[in-house]
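So the structure is just underneath, and the comments pick up after that.
Protein chains: 2
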Amino acid sequence: RKQRILAILKSEKVFDKSQNYFSGRMERFERALAREKKLQLLKRKHKWTLDEFRTASELVGEPGPYGLHESMFRITIAGQGTPEQQEKFGKAAEAYKIIGCYAQTELGHGSNVRGLETTATWNSQDKTFTIHSPHLTASKWWIGSLGRTANYACVMAQLIVEGKSYGPHPFIVQIRDMKTHEPLENVHVGDIGPKFGYNTMDNGFLLFNNVKVPHENMLARFSQVDPKTNKYVRHGSPSLIYGTLTWVRSTIVMQAGSVLARGVTIATRYCAIRRQFQDRDAPEWEKGENAVLNYTMVQIRLLPLLAATFALHFTGKGMMNLYQENQKRMNQTNTSRESNKRGAGPEETESGSDILADLHATSCGLKALSSTIAAEGLEVCRRACGGHGYSSFSGIGPWYSDYLPTTTWEGDNYMLTQQVARYLLKSARAVLKNPTPTNDTTRILSHFQSRVNIGCAFDILGSDEDIVAAFAWRASFLTFEALKHRDEQKKPWNDLLVDFYRLSKAHSQYLVIKNFYDVLRSGEIAQSTSPPLRTILLKLFQLFALHTLEQEGSEFYVSGACSKHQIMLARTSAVMNLLKEIRPHAVRLVDSWGFDDWVLDSSLGREDGKVYEDMFYRASELNPLNKVTVDPYPESEVLFKKVEGGYGKSKL
Amino acid sequence: RKQRILAILKSEKVFDKSQNYFSGRMERFERALAREKKLQLLKRKHKWTLDEFRTASELVGEPGPYGLHESMFRITIAGQGTPEQQEKFGKAAEAYKIIGCYAQTELGHGSNVRGLETTATWNSQDKTFTIHSPHLTASKWWIGSLGRTANYACVMAQLIVEGKSYGPHPFIVQIRDMKTHEPLENVHVGDIGPKFGYNTMDNGFLLFNNVKVPHENMLARFSQVDPKTNKYVRHGSPSLIYGTLTWVRSTIVMQAGSVLARGVTIATRYCAIRRQFQDRDAPEWEKGENAVLNYTMVQIRLLPLLAATFALHFTGKGMMNLYQENQKRMNQTNTSRESNKRGAGPEETESGSDILADLHATSCGLKALSSTIAAEGLEVCRRACGGHGYSSFSGIGPWYSDYLPTTTWEGDNYMLTQQVARYLLKSARAVLKNPTPTNDTTRILSHFQSRVNIGCAFDILGSDEDIVAAFAWRASFLTFEALKHRDEQKKPWNDLLVDFYRLSKAHSQYLVIKNFYDVLRSGEIAQSTSPPLRTILLKLFQLFALHTLEQEGSEFYVSGACSKHQIMLARTSAVMNLLKEIRPHAVRLVDSWGFDDWVLDSSLGREDGKVYEDMFYRASELNPLNKVTVDPYPESEVLFKKVEGGYGKSKL
């Protein structure tokens, strides 16, 4: 499927990438819009399924101006609109007659949704809502697809009915004329300007000066204002959203693996090609320059990241499986409960929802950990390419810049750790009351609690199972430490944020290690991979685990999970040996990710190794700056004295 | 002085920054060239000294097309040219009649200078050199100012005389016509294309197809080919360069402080303005949203970096002082030796050169450590600004992108650590033979060696002196460990690179801690600062030291420098208390760096706190994308249906 879609994309001129790295923002945005339009037309022409369309978008690999229409606007209407609203707005959105965005974040408010300042005031006389931005800081900001593209917005605003505020609710608001595409009266809208990356997207701002929308424009599946009584009515809580967020975060975890894999592929291939210096201890007959990937200082940077790509992929996949299984089970429970009025026993329902609660909390921590690993790992890959990593042609820098916001959106990576800690504290309190575990988190906490006075002895260098147990032990230790600080010592929440951050990280690292290990032991992997490949995957598991353990050495030591000697051996012996063992397979392992050269768009990461030829071709043949002849002398006011083909014309 | 020059720059239209963040590469390069020219004219008009000119360049704060002419081309001629060559090439370069660059790095060779492929073959018949690029990988690459601007290059090429290679030597080569500025025959030159940053500079490539230059074009102060005998002659070694490199690296250390200070200033000011969420434990009367800087999770990211800005500044300054004093002393020694034929005693000369050797090695490690702290610290600052940190208007992203190559040039930060380790191993071997110290490195190694069997007991939480001693102990411990691996266990060099990296980091951290501490105890600081300020500086020292110690906890523990309990207390108690104590002074401390708003060019870092007004103004008034009205519908082939003021015209 991937190959077929790739062939279609490659044959369309609009997807030609050769000017991507050279173009300024205007050209890049214009081209991105053209590509988005073409993707829609191709989708219709080839009758792509949603999955096929997503594959195509992923292959194009750049954020585009329809992005938030596709993801958030349509999904919000589908999830929070009534059937009538879905008919009216959803259908038009599906046909791209209205193009929307999701306007939540404000200039002054990001993470704290409760603090949003935009208001939607109910007018009982004419049964409308007045949408208003009372201050400059109430301006919607960062809203993807809003800057230039959208003509509708789903606006999150504080609902006010008869002087009382009911918190943020979603409103569908037209913002631009359907014909002229000019902003409507009393709507101030525009693009927020250039960013560190993501410049193919028109993130926008939006201010309302008392704009009225009809009653039907408040998405009313879960709550509404009764137009007859003027009362606020709640139809139940949007618990689905709870699940959706968990799903979105699981996707981020899995994506983090492939996002990082691009950088690791480029850096590994290049470091296998690039030769520099001689090995000081090499025998006489090998006195040529050494491939950079043979240096342990390069291996220690790249190979644990290679291991991380698989660890994150398997973890994300594991979470998604667990989520789906659990959804299925809960649906069954619901069905059986409906058919049998006495219903399922409490332990069954509890179990289902406890697993969902566990998944929700762990997805927060894992989102933070995995996107941090991917973002920071990409920069490590870029630097491992030496000077050439700094060239746009490396392909890593632009990719990194576009990925970076993932560390902030869907929950800021630092903020999220509080949710994980809160959940772990709650679980620990539950275990102290009743040690019978209801999910994996209470299982490890309960086990720790039962053994804490006896202590532990993990053979981290000899047993893979013990590695997993050591990670569980350290996370549990930190949980009960934090509990002591909060519940016994009554420390202020703010004083514990740093501890919570560490705790969340420790628990999430445990989850990645555990998921990776579970996959390697599963029947599925035994069927789908050859024994030699499984051996290598096991070594990747060990490398990822021991390298992480060694980086966090003092926490493992303090918790008693490892001895000083074990940590020293992990570093100086076990990790170094694993690097040696994995090195010969490194290139094949990155190849297994299967990135096409067209997708990577990188001189350094070319599969055929023609690194320098490609760098040279792009610089000397494609680079528009080389069409310019300057006047270099300070006394001359002339800057560009000659420009081949003229200067400043559109590149399109 | 700074204020006076700043006023001049602000009054010149060419230095207007308002379009910097919006422009594409062509416009940015064009504007940068215009600014460089104007700076030269201003320098002449105001008769600026070199220092004044440098201040002006720093205030403009962007890399420019004359950059490598000023720094490397002119300096190389001055340092390695004969008086005749200085007269001929140096004078013309000073007058900007010839504009040069320094062409060393090649497409296939960066760090390994010995491996360069460009050749300069001596022709005994016509007394010329033939400069040639035998392969594509021999292409000069990354050469600043070469792409479009320079008409001359100082080319490093392998000197070949009568079939024998004598290693890389510098040759002055004309590459473009002085009138037309077109490349000369058999010279292939151009810009290497866009980069992660530094796009106002025209880094270039350069290939020679057997280009002849006369005998006088080989810079001949230290070695030459005798035109009569055709023999290679050496006039002594360029030991000055050894000193120059040390000087350059000291500059990088000091600059790292101010580079990082920009990011810390922006982030600290913004986090003091930005309010988000309530403090969960705040009393009822303080229920408004809390300034982000009050959250410990923000403090732990920013305040140790604030401390690092001072630590790096003082360390760089300390190194430069030491270097200058030592140069002075060596000159005196030389003079006295000349006047007194029997000369100074060996301990005196030894001492002088041992301090220089020490400075050279430590400058390698400190360059690596400080530029890594600054580069990674800037990214931490950017993220601490939340979502808005991603906007170019934060001013941090562009600054970070431009700074990043510092981690690679003047010695790749990973490569450099080998030189430090090599030096430390040598010093440790010397100490084992003769424990009498000759400089600070041998002093701490010797002290460690005398105490290693007795052990140590440092009161890191009670005594600042003991903190410094603990850092010395850990660095010494790692040195002797590495020595054991290399000399006793005969481990291959390649297997030890990771240990060497850690060793270099440990030793460099010790040096920063020690320098910071020494400055705080010096008479100079007592005279120039008030007692309350000194108290705060001391707290910054403690924060930087204990935070670093806690980050590297396991090494301190393993070396025996600290107990498990001390490391835990450092983290949970000492560091958290210091954050609390420093927080009220944070804004004043960043203000003391004295960055003008014009210099920072940041919405978030504005001194007057008008963060949101400025963001909004830039987005809605300055942003050229908002002049575009798009046609958003997929069926329409029109992309931009209206562009106010036309599209694609030069912004100049």
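Protein chains in written order, with the working numbering: chain A, 1 to 652; chain B, 653 to 1304.
Quick reminder that beta carbons are idealized off the backbone N, C-alpha and C, glycines included.
Find the nearest neighbour of A/Glu635 within the set B/Ala747, B/Tyr1052, B/Glu941 and B/Phe681, judged by alpha-carbon distance. If you number the first sequence from 1, residue 635 of chain A lands on position 635. Taking only the C-alpha atoms, the option nearest A/Glu635 is B/Ala747.
Terminal residues of the alpha helix (DSSP H) in which A/Gly79 lies: Position 79 of the first sequence, counted from the first residue, corresponds to residue 79 of chain A. Segment Arg74 to Gln80, the alpha helix (DSSP H) holding A/Gly79.
B/Trp1145 CB to nearest chain A CB: under 8 Å? Within the second sequence, numbered from 1, the residue matching residue 1145 of chain B stands at position 493. Taking Cβ atoms only, chain A reaches closer than 8 Å to B/Trp1145, which makes this a yes.
Excluding the 5 residues flanking B/Thr1138 on each side, which residues of the same chain have their C-beta closer than 7 Å to its C-beta? The residue given as residue 1138 of chain B occupies position 486 in the second sequence. Residue identity differs from the one stated: residue 1138 of chain B is Arg in this sequence, not Thr. If you ignore the 5 residues before and after B/Arg1138, its C-beta comes within less than 7 Å of the C-beta of Leu1077 and Leu1148, all in its own chain and listed in chain order.
Cα-Cα separation, A/Lys2 to A/Tyr21: Position 2 of the first sequence, counting from 1, holds the residue named residue 2 of chain A. Position 21 of the first sequence, counting from 1, holds the residue named residue 21 of chain A. The alpha-carbon atoms of A/Lys2 and A/Tyr21 are separated by roughly 25 Å.
Contact check, A/Lys272 vs A/Val587 under 8 Å by CB: the rounded distance? One-based indexing of the first sequence puts residue 272 of chain A at position 272. One-based indexing of the first sequence puts residue 587 of chain A at position 587. Note that residue 272 of chain A is Ala in the sequence shown, not Lys. At roughly 5 Å, the Cβ-Cβ gap stays under 8 Å, so A/Ala272 and A/Val587 are in contact.
Are B/Ser723 and B/Thr898 close, meaning C-beta to C-beta below 8 Å? Translated into positions along the second sequence, residue 723 of chain B becomes position 71. Translated into positions along the second sequence, residue 898 of chain B becomes position 246. No, the Cβ-Cβ distance between B/Ser723 and B/Thr898 is not below 8 Å.
Can you tell me whether DSSP reads A/His135 as helix, strand or coil? As a position in the first sequence, residue 135 of chain A is number 135, starting the count at 1. Three-state result, A/His135: coil.
For A/Phe171: DSSP bridge partner residues: Locating residue 171 of chain A in the first sequence gives position 171, counting from the first residue. Per DSSP, A/Val155 and A/Met218.
Can you list the residues of chain A that B/Glu598 reaches, using a CB-CB cut of under 8 Å? In the structure as shown, chain B begins at 653 and stops at 1304. Residue 598 of chain B is therefore absent and cannot be evaluated.
Taking 8 Å as the cut-off, decide whether the C-beta atoms of A/Thr118 and A/Ala157 are in contact. By one-based count along the first sequence, residue 118 of chain A stands at place 118. By one-based count along the first sequence, residue 157 of chain A stands at place 157. Against a cut-off of 8 Å, the Cβ pair of A/Ala157 and A/Thr118 comes out as a contact.
Looking at the strands, I want to know which residues DSSP matches up with A/Ile98. Along the first sequence, read from residue 1 onward, the residue named residue 98 of chain A stands at position 98. Beta-bridge pairing links A/Ile98 to no other residue.
DSSP on A/His181, reduced to helix/strand/coil? In the first sequence, counting from the first residue as 1, residue 181 of chain A sits at position 181. Here A/His181 sits in coil by DSSP.
Distance cut-off 7 Å: A/Trp48 Cβ against heavy atoms of the ligand SAM: The model on display carries no ligand, and the ligand SAM is accordingly not part of it.
May I ask you to list the residues that DSSP assigns as paired with B/Lys864? Taking the second sequence and counting its residues from 1, the one referred to as residue 864 of chain B is at position 212. Partner(s): B/Thr782.
Check whether the Cβ atoms of B/Ile657 and B/Thr707 lie closer than 8 Å to each other. Start at 1 with the first residue of the second sequence, and residue 657 of chain B comes out as number 5. Start at 1 with the first residue of the second sequence, and residue 707 of chain B comes out as number 55. Pairing B/Ile657 with B/Thr707 gives a Cβ-Cβ distance under 8 Å.
Note down the Cα distance separating B/Lys1279 from A/Pro65, rounded to an integer number of angstroms. As a first step, residue 1279 of chain B must be located in the second sequence, where it is residue number 627. As a first step, residue 65 of chain A must be located in the first sequence, where it is residue number 65. Computed Cα separation, rounded: 17 Å.
I'd like to know whether the C-beta atoms of A/Lys38 and A/Glu12 end up nearer to each other than 8 Å. One-based indexing of the first sequence puts residue 38 of chain A at position 38. One-based indexing of the first sequence puts residue 12 of chain A at position 12. Contact: yes.
Endpoints, the beta strand (DSSP E) within which A/Thr408 is located: Within the first sequence, residue 408 of chain A is the residue found at index 408, counting from 1. Per DSSP, A/Thr408 belongs to no beta strand (DSSP E) and is neither H nor E.
Whole-angstrom C-beta distance between B/Asn1167 and B/Thr967, which should lie under 8 Å: Here residue 967 of chain B refers to the residue found at position 315 when the second sequence is read from its first residue. Here residue 1167 of chain B refers to the residue found at position 515 when the second sequence is read from its first residue. Rounded, the Cβ-Cβ distance is 4 Å, consistent with contact.
Which residues of the stretch 676-699 of chain B have a Cβ closer than 7 Å to any Cβ of chain A? Give them in chain order. Those would be Gly676, Arg677, Met678, Phe681, Glu682, Leu685, Ala686, Lys689, Gln692 and Leu693, in chain order.
Assigned secondary structure, A/Gln104 (DSSP; H/G/I helix, E/B strand, else coil): Here residue 104 of chain A refers to the residue found at position 104 when the first sequence is read from its first residue. Here A/Gln104 sits in coil by DSSP.
Kindly provide the ranges of any beta strand (DSSP E) runs that are 3 or more residues long and lie completely inside the stretch 928-987 of chain B, ordered along the chain. none
CA-to-CA distance, A/Asn186 to B/Lys749, given in whole angstroms: Reading the second sequence from its first residue, position 97 is the one you call residue 749 of chain B. Reading the first sequence from its first residue, position 186 is the one you call residue 186 of chain A. For B/Lys749 and A/Asn186, the distance between alpha carbons rounds to 59 Å.
Please classify A/Arg176: does DSSP put it in a helix, a strand, or coil? For the purposes of this step, residue 176 of chain A is taken as residue 176 along the first sequence, with counting starting at 1. Three-state result, A/Arg176: strand.
Assuming A/Val590 contacts A/Thr268 (C-beta within less than 8 Å), just tell me the rounded distance between them. Counted from its first residue, the first sequence places residue 590 of chain A at position 590. Counted from its first residue, the first sequence places residue 268 of chain A at position 268. Right, their Cβ atoms sit about 5 Å apart.
When Cβ atoms are compared, which residues of the stretch 252-284 of chain A fall closer than 7 Å to chain B? Gln276, Phe277, Asp279, Arg280 and Asp281
Quick check: the stretch 568-583 of chain A against the stretch 519-534 of chain A, are there 3 or more CB pairs under 8 Å? no
Does B/Met1250 get closer than 8 Å to chain A when you measure Cβ to Cβ? One-based indexing of the second sequence puts residue 1250 of chain B at position 598. In the sequence under discussion, the amino acid at residue 1250 of chain B is Trp, which differs from the Met named in the question. Taking 8 Å as the CB threshold, B/Trp1250 stays off the interface with chain A.
Which one of B/Lys1019, B/Thr896, B/Ala1026 and B/Leu1018 has the shortest CA to CA distance from B/Ala959? Here residue 959 of chain B refers to the residue found at position 307 of the second sequence. Nearest C-alpha to B/Ala959: B/Ala1026.
Output the distance between the C-alpha atoms of A/Ser660 and A/Met218, rounded to the nearest integer angstrom. Given a span of 1 to 652 for chain A in the structure shown, any question on residue 660 of chain A remains unanswerable.
Using the rule of at least 16 other Cβ atoms within 10 Å of the residue's Cβ for burial, across every protein chain shown, is A/Ile454 buried or exposed? Taking the first residue of the first sequence as position 1, residue 454 of chain A is located at position 454. So A/Ile454 ends up on the exposed side.
What separation, rounded to the nearest whole angstrom, lies between the Cα atoms of A/Leu9 and A/Arg28? Counted from its first residue, the first sequence places residue 9 of chain A at position 9. Counted from its first residue, the first sequence places residue 28 of chain A at position 28. Answer to the nearest angstrom: the Cα atoms are 18 Å apart.
Contact check, B/Arg1154 vs B/Leu1135, beta carbons under 8 Å: As a working mapping, residue 1154 of chain B is identified with position 502 in the second sequence. As a working mapping, residue 1135 of chain B is identified with position 483 in the second sequence. No, Cβ-Cβ distance for B/Arg1154 and B/Leu1135 is not below 8 Å.
Would A/Phe541 pass as a contact of A/Gln418 if the rule is Cβ separation under 8 Å? Counted from its first residue, the first sequence places residue 541 of chain A at position 541. Counted from its first residue, the first sequence places residue 418 of chain A at position 418. With respect to A/Gln418, A/Phe541 sits apart: the two C-beta atoms are not nearer than 8 Å.
Whether or not the stretch 259-268 of chain A and the stretch 381-399 of chain A are in contact is what I'm after, with contact meaning three or more pairs of Cβ atoms, one per stretch, closer than 8 Å; do they touch? For the pair of segments examined, the stretch 381-399 of chain A was found to touch the stretch 259-268 of chain A: the number of CB pairs separated by less than 8 Å reaches three.
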